[in-house]
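Before any comments, here is the structure.
There are 2 protein chains.
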Amino acid sequence: MEIVRRILRMKEIVRGWHRQGRTIGFVPTMGYLHEGHLSLIRESKRMTDHTVVSIFVNPLQFGPREDYDRYPRDLDRDVEILSRESVDVLFYPSVEDMYPPGYRTYIDVEGLSQKWEGASRPGHFRGVATVVCKLFHIVQPDFAFFGQKDAQQFVILRRMVQDLNMDVELIQLPIVRESDGLAMSSRNVYLSPEERTVAPRLYQALQVGRRLVQEEGERDAEKIVEAVRSFLAQEPRIRIDYVALVDLEDLEPIETVRGPALLAAAIYLGPTRLIDNVTLNTK
Amino acid sequence: MEIVRRILRMKEIVRGWHRQGRTIGFVPTMGYLHEGHLSLIRESKRMTDHTVVSIFVNPLQFGPREDYDRYPRDLDRDVEILSRESVDVLFYPSVEDMYPPGYRTYIDVEGLSQKWEGASRPGHFRGVATVVCKLFHIVQPDFAFFGQKDAQQFVILRRMVQDLNMDVELIQLPIVRESDGLAMSSRNVYLSPEERTVAPRLYQALQVGRRLVQEEGERDAEKIVEAVRSFLAQEPRIRIDYVALVDLEDLEPIETVRGPALLAAAIYLGPTRLIDNVTLNTK
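Respectively, the protein sequence lines represent chains A and B. Using the working numbering, the letters of the first sequence map in sequence onto residues 226 to 508. Using the working numbering, the letters of the second sequence map in sequence onto residues 226 to 508.
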């Protein structure tokens, strides 16, 4: 595995692969890798000739009072994991190389970026869209892989790629969970042992909603959301940010479940914000 | 010459050229071609294996009270000109194909887009940056050619390409002028015969500024700008929008001319807005 720090070197490698007609798979990450990332990497390796994983904690997608500085980082461990997975390249650019002095270009996916996660994290998706557009230009992948935990991010990036006529196919893979149901996340490390025991209730609450729809035939979105909220409210250490039952394409709230839909939630547990979601299928 | 309407067909042609290792030159235009465009096309043909010219009157870069609807169009004449120049492809997409329902992705080059032309035309450069990014993704050129008349546009696009790590080299060519000095522009057709006789005063005024710097050694920007304004003010039919003496990189006003700088102006002549600029060189 080659570790590449410079953008120009990354482009050089990509040019070589393209000249040989090889396909490129890309897994953009912020590092501190877990099984969720590994599922993306393994699918990329299965589908493409060469796999690039990037590790870049992108300052642009963190708000001023968010956790950019303390976001968990462990490059040595990540390098070990990626070598073991036989990834071709770890792309690990510096902030200075990605955002040099005078940097001033930003991408907005309007409407989609302002709701749910975007409402709680202003500017977050502008940062995500901008950095992913840059990374796509640098790595020029045929396929890029994302986890469903960031379901809104996927909808936004898919829209960006389509709107800007970019030549990359985005692939979303299921959430990987701990044995007790907690969605894997680099941020889970923030949880105290006590919070960690409470955290699985987020997924349990979403399961309450899913059972209501898929087993009891409930179709009224308000009732489904209320059931999820009530379940979460039983635990006093949980503060609900949002519970949303939305259309899979435009992320607008739906009133009645008629086809596939996304049930998503964000909570605070102490200072830590956790997100999770499930897809609802009718019939 | 192939006339391509569909984005997918354009991408297919480009893929074929790339597979053969050919270079691509690109001249994005809004049509109603004049000698200025031809100078770009000829340079593209000289430098690259294949030349693509796009004609797309981009609604996104026109303000609600601007001239999108009456912007001059003459496809038959343009096709004749481009055939004569032996361009490989005329790319002529529809608005519906470029901005399908649900379109919502926009590119901002902050700071640079808000001043001068951007101050008079809010949203203009957002529209320009967005459409050019899209066109670059579709045509994937090695080189793209622009005229110096839109000097601010060039600075903004160069910044976008650099910031977003795009693989295209932007080339700016000198303004092509009528024999009386008027910068060629598709919008010159708006001028009444009487306005047309007055229009060359814009370039003459810029020449007054240039002579002051290059022949008389004036270095005080305020005095140079004032000389240009005074010259323009002699003609009552001219209404000055701005006269600016700015840095070539960041477009900020300079106080003292020390090296190369841009002297740019915009005026109204009746309802028509004209722009022009000259580069100032010291020594």
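We treat Cβ as the ideally placed atom computed from N, Cα and C, and that holds for glycine. The structure displayed is predicted, hence computed values, not measured ones.
Beta-ladder partner(s) of residue i, from DSSP
i, result
"F371/B", "Q397/B"
"H275/A", "I249/A"
"Y493/A", "R464/A and R498/A"
"P478/B", "V471/B"
"R402/B", "A408/B"
"A486/A", "D472/A and L505/A"
"D333/A", "Y331/B"
"T254/A", "I280/A"
"E227/A", "V314/A"
Local conformation of residue i per DSSP, three classes
i, result
"Y415/B", "helix"
"G288/B", "coil"
"S264/B", "helix"
"L505/A", "strand"
"F316/B", "strand"
"E310/A", "coil"
"V364/A", "helix"
"V282/A", "coil"
"H259/A", "coil"
"M391/B", "coil"
"G348/B", "coil"
"D301/B", "helix"
"R295/A", "coil"
"Q378/B", "helix"
"K236/B", "helix"
"K359/B", "helix"
"K270/B", "helix"
"W242/A", "helix"
Chain B contact for residue i (CB, 8 Å cutoff)
i, result
"V334/A", "yes"
"L337/A", "yes"
Closer than 8 Å to chain A by CB, residue i
i, result
"D367/B", "no"
7 Å Cβ cut-off: residues of chain A touching residue i
i, result
"N283/B", "Those within 7 Å of N283/B in chain A number zero; the least Cβ separation is about 14 Å."
"N390/B", "I232, K359, H362 and I363"
Amino acids of chain A, ordered along the chain, whose beta-carbon sits closer than 8 Å to that of residue i
i, result
"M385/B", "T330"
Inside the segment 414-458 of chain B only - alpha helix (DSSP H) runs reaching at least 4 residues: As far as the segment 414-458 of chain B is concerned, its whole alpha helix (DSSP H) runs of at least 4 residues are 418-423, 426-439 and 446-458.
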